[in-house]
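Engineer: In this note's numbering, the protein residues as written are 711 to 980.
1. Classify residue 740 as helix, strand or coil using the three-state DSSP reduction.
2. Grab me the residues of residue 897's own chain with a C-beta within less than 6 Å of its C-beta, minus the 5 sequence neighbours each way, in chain order.
3. Please report the residue range of the beta strand (DSSP E) in which residue 778 lies.
4. Would you decide whether residue 941 is buried or exposed? Buried here means 16 or more other CB atoms lie within 10 Å of its CB.
5. Answer yes or no: do residue 831 and residue 782 have a C-beta to C-beta separation smaller than 9 Å?
6. For residue 930, does the count of other Cβ atoms within 10 angstroms reach 16, so buried, or fall short, so exposed?
7. Taking the DSSP output, what are the residues bridged to residue 962?
8. Give every residue of the same chain whose Cβ lies closer than 6 Å to the Cβ of residue 958, excluding the five residues on either side of it in the sequence, and list them in chain order.
9. With distances taken Cα to Cα, identify the nearest neighbour of residue 964 among 743, 845 and 921.
10. Contact defined as beta carbons within less than 8 Å: I believe residue 776 pairs with residue 810. What is the distance between those atoms, to the nearest angstrom?
11. The beta strand (DSSP E) that contains residue 850, what's its start and end?
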């Protein structure tokens, strides 16, 4: 596998996944809604394709001649500008509208274009459907800790606006598909996002902490995860067949060794 498509390529994990993949010698195509922003980050080293997970008809061409997908896309767990809220023109009306977005489910569904249900749920499922009909060999999905513990604190709070419900639906769609998949569940993301960095800086980025990498299965871990390590594990698993048809969690914990031995970590969970 040499050609990788990264979705969410201008996001915190996506940027680092692009940089890590380039450093490992892969050819990278970045799926983005904002080509200008992506070009400012990646220059000419990345093949850019303008597409939208919410519009399935834009995805077929994006997957042409792609061997593997790293799906790093998603939105914020709580209402924000990233939800693309339809707001009235007047400031007072905008303030009231935001109140309804937080409190009124029906209003929220009618006036947001990129909520978790849409971005983390339906958008990812659209990508899976198109991938099933393509020559893609691997589909790596970044999900989240807590999808199996949505009723427990702190995940019940995180799921207030349905982000874990949406990720659960995306995971189920991927497992039920014909795709060879790997599902990665990080904890609360730390380090970055590196939204103002250029590609050279991204390639040199390191984790802000000194903790090692811990993998687990069964959604029992609790902790935080460096975006750099999430990006790394997305790319590394492509070279390890034992990660196919696997779902696992990743957090940072314990002392960090001089180098992360991914083969040993993967073997321990499979």
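Glycine is no exception: its CB is placed at the ideal position from the N, C-alpha and C atoms. All values reported here derive from a predicted model rather than from experimental measurement.
Structural biologist: Looking at the atomic coordinates:
1. Taking the first residue of the chain shown as 1, we reach residue 740 at position 30. DSSP, reduced to helix, strand and coil, places residue 740 within a strand of the structure shown.
2. In the chain shown, residue 897 corresponds to position 187, counting from 1. So the list reads 855, 933, 934, 935 and 961, once near-sequence residues are dropped.
3. On the chain shown, position 68 is the one that residue 778 refers to. Per DSSP, residue 778 belongs to the beta strand (DSSP E) from 778-781.
4. Against the chain shown, residue 941 aligns to sequence position 231. Looking at its Cβ environment, which holds 16 or more other Cβ atoms inside 10 Å, residue 941 is buried.
5. On the chain shown, position 121 is the one that residue 831 refers to. On the chain shown, position 72 is the one that residue 782 refers to. In this structure, residue 831 keeps its C-beta atom at 9 Å or more from the C-beta atom of residue 782.
6. Locating residue 930 in the chain shown gives position 220, counting from the first residue. Residue 930 is classed as exposed because its beta carbon has fewer than 16 other beta carbons within 10 Å across all chains shown.
7. Here residue 962 is taken as the residue at index 252 of the chain shown, counted from 1. Paired residue(s): 923.
8. For the purposes of this step, residue 958 is taken as residue 248 along the chain shown, with counting starting at 1. Here the set comprises 925, 927 and 979.
9. Counted from its first residue, the chain shown places residue 964 at position 254. The residue among 743, 845 and 921 with its C-alpha nearest the C-alpha of residue 964 is 921.
10. As a first step, residue 776 is located in the chain shown; it is residue number 66 there, counting from the start. As a first step, residue 810 is located in the chain shown; it is residue number 100 there, counting from the start. Contact annotation, residue 776 with residue 810: C-beta distance approximately 40 Å; criterion of less than 8 Å not satisfied.
11. Reading the chain shown from its first residue, position 140 is the one you call residue 850. From DSSP, the beta strand (DSSP E) with residue 850 extends over 848-852.
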